[in-house]
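UniProt numbering numbers the first residue of the sequence shown as 1 and each following residue consecutively.
Each residue gets a CB set at the ideal place from its N, CA and C atoms; glycine is no exception.
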Amino acid sequence: MIEWKLNGHGGQLAARTWANPGASWLAVLVHGYGEHLGRYEHVARTLVTAGAVVIGADHIGHGDSAGERVLVTDFEQVVADVDRVIEAAGTEHSGLPVVLIGHSLGGAIAVRYAQQHPERLTAMVLSAPVLGSWHALDLLEYEQIPDTPIDPDTLSRDPAVGAAYAADPLVWHGPFKRETLRALDELLQTINFDQPLGDELPVLWLHGDEDTLVEQADTRAGTDRVRGLGFQEHTYIGARHELFNEVNKDEVLFDVVAFVREVLAAR
């Protein structure tokens with residue numbers, strides 16, 4: 001894994017590349033709210049084994065990137081940062097099919113990217129994406145945002161995942177910020193009323209039926225607005241929010257790799 005920096009819309013972004021000299025495709029990871037790409041090491045290694053070179057960056061205000069913690073005032077600019085990461089990697093990996101993999105809030109960012117740049121993507125994978133609506137936005141009704149950080153127990157049935165999350169100094173453990181919630185609300189409304197993803201982009205949506213952090217019904221309301229004929233979905237019984245960290249993560253990653261291989265074979 002190689003760490004590097006690039007200029008984002010609000011300062012320097014901490015980026016990573018998991019190299020693969022013989023890569024046949026480019027996987028772009030887009031992480032969720034309050035976390036960072038360092039939590040995706042095992043995901044990246046699986047994708048490298050499956051023939052990918054893997055890239056991504058911590059969002060502004062997240063992980064090792066610059067900015068006030070978890071403060072995002074415009075998610076369109078975060079989408080533009082994802083494009084900067086892809087462009088920076090493109091000089092070395094030009095011509096490789098690009099698969100965008102977004103988790104949670106990263107799923108919404110990925111969908112918005114696909115709405116703006118469908119021609120740049122070969123496929124997209126959405127892991128428990130925030131789409132349609134999200135109950136965290138209800139916090140905007142309060143005059144002062146309550147201190148209600150994400151409960152680590154909602155992430156996985158594996159208690160070690162929650163414990164590692166709670167102990168990670170690069171994870172945000174504080175309350176939501178009003179500006180970020182407003183920007184997220186605007187992002188979801190923009191996605192809902194912009195163009196659907198169309199029939200040419202293969203999309204795989206993965207969700208756990210015991211996900212209480214991003215409820216499947218809320219996401220479905222969003223996916224129904226944007227899905228095209230190339231849209232597939234898979235529900236994992238008993239799984240919570242972080243499918244890549246669940247007790248059946250090997251099954252989930254196998255399904256992701258199988259989907260990508262099917263798409264690449266069809267090309």
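Residue i and residue j closer than 8 Å at C-beta
i           : j           : result
residue 83  : residue 113 : yes
residue 255 : residue 234 : yes
residue 63  : residue 132 : no
residue 228 : residue 199 : yes
residue 246 : residue 120 : no
residue 175 : residue 202 : no
residue 115 : residue 194 : yes
residue 209 : residue 237 : yes
residue 155 : residue 161 : yes
residue 8   : residue 81  : yes
residue 352 : residue 128 : Because the chain here runs from 1 to 267, residue 352 falls outside it and cannot be looked at.
residue 5   : residue 71  : no
residue 259 : residue 252 : no
residue 101 : residue 48  : no
N-terminal and C-terminal residue of the beta strand (DSSP E) that residue i is part of
i           : result
residue 244 : Unbroken run through residue 244: none, as it is neither H nor E.
residue 11  : 11-18
residue 235 : 231-236
residue 2   : 2-8
residue 131 : No beta strand (DSSP E) contains residue 131, which DSSP labels as neither H nor E.
residue 206 : 203-208
residue 125 : 123-127
Residue of the options minimising C-alpha distance to residue i
i           : options               : result
residue 269 : 264, 139, 31 and 218  : Residue 269 cannot be examined here, being either before or after the span of the chain that is shown, 1 to 267.
residue 43  : 263, 76 and 257       : 257
residue 165 : 40, 265, 208 and 216  : 40
residue 218 : 25, 49, 130 and 8     : 130
residue 23  : 33, 122, 249 and 97   : 97
residue 93  : 189, 26, 104 and 80   : 26
residue 124 : 99, 38, 211 and 91    : 99
residue 50  : 73, 266, 261 and 65   : 261
residue 46  : 95, 159 and 20        : 20
residue 108 : 266, 265 and 226      : 226
residue 172 : 3, 1, 69 and 28       : 69
residue 76  : 251, 252, 182 and 265 : 182
residue 138 : 168, 180 and 197      : 180
residue 87  : 102, 188, 117 and 36  : 117
residue 3   : 52, 103 and 65        : 65
residue 168 : 36, 18 and 1          : 36
residue 79  : 266, 191 and 141      : 191
residue 89  : 67, 149, 104 and 52   : 52
Extent of the continuous alpha helix (DSSP H) run through residue i
i           : result
residue 261 : 249-266
residue 190 : 178-193
residue 162 : 159-167
residue 217 : 216-226
Residue i CB to nearest heavy atom of the ligand ZN below 7 Å
i           : result
residue 241 : Among the ligands in the structure shown, none appear at all, so the ligand ZN cannot be discussed.
**Message:** Tell me whether the segment 10-25 and the segment 57-66 touch, counting them as touching only if at least three CB pairs, one residue from each stretch, are closer than 8 Å.
**Reply:** The segment 57-66 and the segment 10-25 touch, with three or more beta-carbon pairs separated by less than 8 Å.
**Request:** Counting only runs of 3+ residues fully inside the segment 24-110, write out the beta strand (DSSP E) ranges in chain order.
**Result:** Entirely contained in the segment 24-110, the beta strand (DSSP E) runs reaching 3 residues are, in chain order, 25-30, 52-57 and 98-103.
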